[in-house]
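Worksheet: the structure to be examined is printed underneath.
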Amino acid sequence: MERFDTKIAVILRDDLLTWQRLNVTAFLVSGLGTVVPEVVGEPYEDAGGTRYLPMFRQPVLVFEGGKELLKAAHTRAIGRNLPVAVFTSDLFSTGNDNDNRAAVKAVTAEQLDLVGMAVYGPRNAVDKVTKGAIMHP
């Protein structure tokens, strides 16, 4: 198994419903490849010649923790200038991308009611950001 110098991590709040965990994870990692294109591998192709979209070239590690842990991880990630995606509780009640961005823009970083975040960067920096979180079961 290849060891990567970088890490993609998602931290989810531990009180989310299963459908919310899956949905939040998908949303959080969706933009990473557009900002950090080197995390995306080559397209796939089966033996019959059917082509498939590329995926991340490395695993996405999913963690969970309480509200305060998420807030601390967010502060650590921002302080290290790492690429971060956020999902707030307000986004469960919006229905489109414009309203999602407006909901995040309406509050300061300290006021975000985070239910999930994704972070990418050097392995050791991401390990420090996720400190205290446990691997998602």
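Heads up: the sequence shown is residues 1157 to 1293, going by my numbering. Beta carbons are placed, not taken as given, at the ideal position from N, Cα and C, and that holds for glycine.
I'd like to know whether the C-beta atoms of G1277 and L1184 end up nearer to each other than 7 angstroms.
Using a Cβ distance threshold of 7 angstroms, G1277 and L1184 do not count as a contacting pair.
Contact between the segment 1227–1240 and the segment 1283–1290 is defined here as three or more beta-carbon pairs at a separation below 8 angstroms; is this criterion met?
In this structure the segment 1227–1240 touches the segment 1283–1290; the number of beta carbon pairs closer than 8 angstroms is three or more.
I'd like to check one pair, A1274 with A1241: are the Cβ atoms closer than 7 angstroms?
Yes, the Cβ-Cβ distance between A1241 and A1274 is below 7 angstroms.
Just to confirm the assignment: which complete alpha helix (DSSP H) runs, minimum length 4, are found wholly within the segment 1165–1247?
Listed in chain order, the alpha helix (DSSP H) runs fully inside the segment 1165–1247 are 1174–1185, 1188–1191, 1223–1235, counting runs of at least 4 residues.
Give me the DSSP bridge partner(s) of L1270.
In DSSP, L1270 forms a bridge with T1244.
Where does K1287 fall in DSSP's three states?
It is coil, neither helix nor strand.
Please state whether the Cβ-Cβ distance between F1212 and I1167 is less than 7 angstroms.
Result no, Cβ atoms of F1212 and I1167 do not sit closer than 7 angstroms.
So, V1195 versus G1189, is the Cβ gap smaller than 7 angstroms?
With respect to the 7 angstroms criterion, V1195 and G1189 are classified as neighbours on the basis of their beta carbons.
Whose CA, out of E1198, P1215, P1199, Q1267, lies closest to the CA of R1279?
Among E1198, P1215, P1199, Q1267, the Cα nearest to that of R1279 belongs to P1215.
How many angstroms separate the CA atom of F1248 from the CA atom of A1259?
In this structure, the CA atom of F1248 is about 11 angstroms from the CA atom of A1259.
If you compare alpha carbons, which of N1254, D1253, A1265, T1244 is closest to R1177?
Per the C-alpha coordinates, the member of N1254, D1253, A1265, T1244 positioned closest to R1177 is T1244.
Under three-state DSSP, which class holds V1263?
If DSSP states are grouped into helix, strand and coil, V1263 belongs with coil.
Drop a sphere of 10 angstroms on the beta-carbon of I1163, count the other beta-carbons inside from all chains shown, and report buried for 16 or more, exposed for fewer.
In the sequence as displayed, the identity of residue 1163 is Lys instead of Ile. Flag for K1163 reads buried.
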